[in-house]
C-alpha cells in the first residue's frame, strides 16, 4: 500500500506577463521555494530530494534554481512534461515519500516564457506533437497556432456531437476571470461580461482570446512529507494528505477513436480520475473544490465530463446550472484557473496544489470555498500536458 503522504508547505510567486517584472528563473524559484519552506516551518537542509520542473530552459536549470535555497548535495531531478510538468514533479516527489525512499521532498516548478503563442525551438527533428496534429488534421482543417487549434477543434466536435453552444464555453471564461478578482497571485484580475468574452478576438472554433490561457512567468513550490516527518515536526494541523494520485499517458484510444476530444486527452483524464477515486474511496460527488487544467475554456468543459462531474455530453448543462462556481455543487478553479491566473508551464501544477492546500486549510481568504474548510473537505487537482500526460490528485485535511 505504501506510506501516507502529506503536503506540509506550499508557496508561489505572483504570475506575471512575460517581461513585466525584472527577474530571472532563479529569482522565481527562490521566492516560491522560500515561501514553501517557511510555510512548512523547516530548513532546506531537511529536504532529501528535489524534483524541479520547467519546459523552456537549458539542461540542469533545476539545479541552478534550487541552489538558491541551499547547496546540500541532494538528488535534484529535472522534469519536463509539457503543461503537466509541475504536477509531474509533484508526482515524483510523492512517489519518493510513498515508497519510503525519503521523508521530505521538494517539488518546484518555474517558467520564464516568451510573449505570444507557444512555438518550437528544434526544427531539425520530429516534433513531439506531430502524430497528434496529423491525426487531428484528418478530422478538421489544420490551423495555427497548434494549441488553440487542437482544443478549439475539440470544442467544435463537442458542439457538433452534443449541441453545446459558444455561449456555454464563453461562460467558463466569465466564471474564471471573475474568480481571479480575489486572487492576488493571478496574472489578470479583470471581470468581463459574456458579451465581452464573445466579442474578443476569435482564435479558433468557439475560442476567443478571453477563453485562452496566456503565456506567463512564475514559480510554485510544494514540500511533501511522510507521516513520521509530520508527527516529528508537529505539522498535522497544517498538513494536507494526498489520498489519491494517478498519472496516465496516451493510450491506443487517443488515436483509435478518431476524435479531437480523445486527441486532447479526455481519455487520459477519465482513466486517471477513476484510479484516484478508487484509491481515495470517493466519487466526484464527494469533492468540494477543484483546480483543473483550463488551458482553454473548451478543455474545462471536456474535463467536467472526464472527471465524472456529469455524463458525457452534459458539460454545457452543468455550466448553465451554475454548478461549478460559488453556490454550486463544486467550485472549479477558484484561483481563476489558467485562463486568468496564468499558465507558466512548469509552475501550473504546483500553483494548483498550493490553491487547494489553502482551501482545505481554510486560509484562501475571499476565495474560500466553505465546504472545503471542514474536516470532511475534499479537493481534486487535474493537470494535463499534450503529447501526453495527465496527473490527477485528491487531497483531504490530515486531521480528518
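Residue numbers (UniProt numbering): 1 to 400. Just so it is clear, CB atoms sit at the ideal spot from N, CA and C, and this is done for glycine as well.
_For residue 395 and residue 281, the rounded distance between their alpha carbons_ = 12 Å
*Taking Cβ to Cβ, would you say residue 150 is nearer than 8 Å to residue 263?*
yes
*Drop a sphere of 10 angstroms on the beta-carbon of residue 1, count the other beta-carbons inside from all chains shown, and report buried for 16 or more, exposed for fewer.*
Residue confidence for residue 1 is low, a pLDDT of 41 falling below 50, so the modelled location carries little weight; the figure read from the coordinates is stated next. Looking at its Cβ environment, which holds fewer than 16 other Cβ atoms inside 10 Å, residue 1 is exposed.
*Which same chain residues, not among the five before or five after residue 349, have their C-beta less than 8 Å away from its C-beta?*
53, 84, 85, 86, 87, 88, 89, 90, 109, 220, 381, 383 and 391
*In the structure shown, what three-state DSSP assignment does residue 345 receive?*
helix
*Does DSSP classify residue 184 as helix, strand or coil?*
coil
*Is there contact here, the region 209-228 with the region 366-374, by at least three beta-carbon pairs under 8 Å?*
no
*Alpha carbon to alpha carbon, what distance is there between residue 70 and residue 42?*
13 Å
*Simplified DSSP state of residue 81, which is helix, strand or coil*: strand
*Return the chain-ordered list of same chain residues with a C-beta closer than 8 Å to the C-beta of residue 260, the five sequence neighbours on each side being excluded.*
136, 139, 140, 150, 153, 154, 156 and 157
*DSSP beta-bridge partners for residue 202?*
208
*Assigned exposure category for residue 130 - 16 Cβ within 10 Å defines buried*: exposed
*For the alpha helix (DSSP H) that contains residue 31, what are its first and last residues?*
25-40
_Here's the rule: buried if 16 or more other CB atoms are within 10 angstroms of the residue's CB, otherwise exposed. What is residue 354?_
buried
_Beta-ladder partner(s) of residue 46, from DSSP_ = DSSP output for residue 46 lists no bridge partner at all.
_Need the endpoints of the beta strand (DSSP E) that residue 6 sits in, please._
5-12
*If we call anything under 8 Å between Cβ atoms a contact, is residue 344 one with residue 190?*
no
*Rounded distance between the beta-carbons of residue 173 and residue 297, thought under 8 Å*: 5 Å
*Considering only the beta carbon of each residue, do residue 480 and residue 351 sit closer than 8 Å?*
As displayed, the chain neither begins before 1 nor continues past 400, which places residue 480 out of reach and without an answer.
_I believe residue 388 touches residue 254 by the beta-carbon criterion, under 8 Å. Please report the beta-carbon distance rounded to the nearest angstrom._
7 Å
*Where the alpha helix (DSSP H) through residue 247 begins and ends*: Run containing residue 247: none in the alpha helix (DSSP H); it sits in the beta strand (DSSP E), 240-249.
*With a Cβ-Cβ cutoff of 8 Å, do residue 145 and residue 207 count as a contact?*
no
_Using a 10 Å radius around the Cβ and a threshold of 16 neighbouring Cβ atoms, would you call residue 320 buried or exposed?_
exposed
_Looking only at its chain, what residues have a beta carbon closer than 6 Å to the beta carbon of residue 8, apart from the 5 residues adjacent to it on each side?_
40, 223, 225, 235 and 239
*asked:* Quick check: the region 175-184 against the region 322-340, are at least 3 beta-carbon pairs closer than 8 Å?
replied: yes
*Report the option in 93, 15, 64 and 326 whose CA atom is closest to the CA atom of residue 242.*
93
*Does DSSP classify residue 224 as helix, strand or coil?*
strand
*asked:* Between 299, 310, 256 and 228, which has its C-alpha nearest residue 4's C-alpha?
replied: 228
_Whole-angstrom C-beta distance between residue 187 and residue 16, which should lie under 8 Å_ = 6 Å
*When you compare each of 360, 286, 162 and 104 to residue 45 by their alpha carbons, which one comes out closest?*
104
*Below 7 Å CB to CB, which residues in the same chain sit around residue 143 once its five sequence neighbours on both sides are set aside?*
149 and 204
_Let's test the definition: count the other Cβ atoms within 10 Å of the Cβ of residue 127 and tell me whether it reaches 16, buried, or not, exposed._
exposed
*Locate the beta strand (DSSP E) running through residue 393, then write down its first and last residues.*
389-397
*Report the option in 270, 313 and 385 whose CA atom is closest to the CA atom of residue 294.*
385
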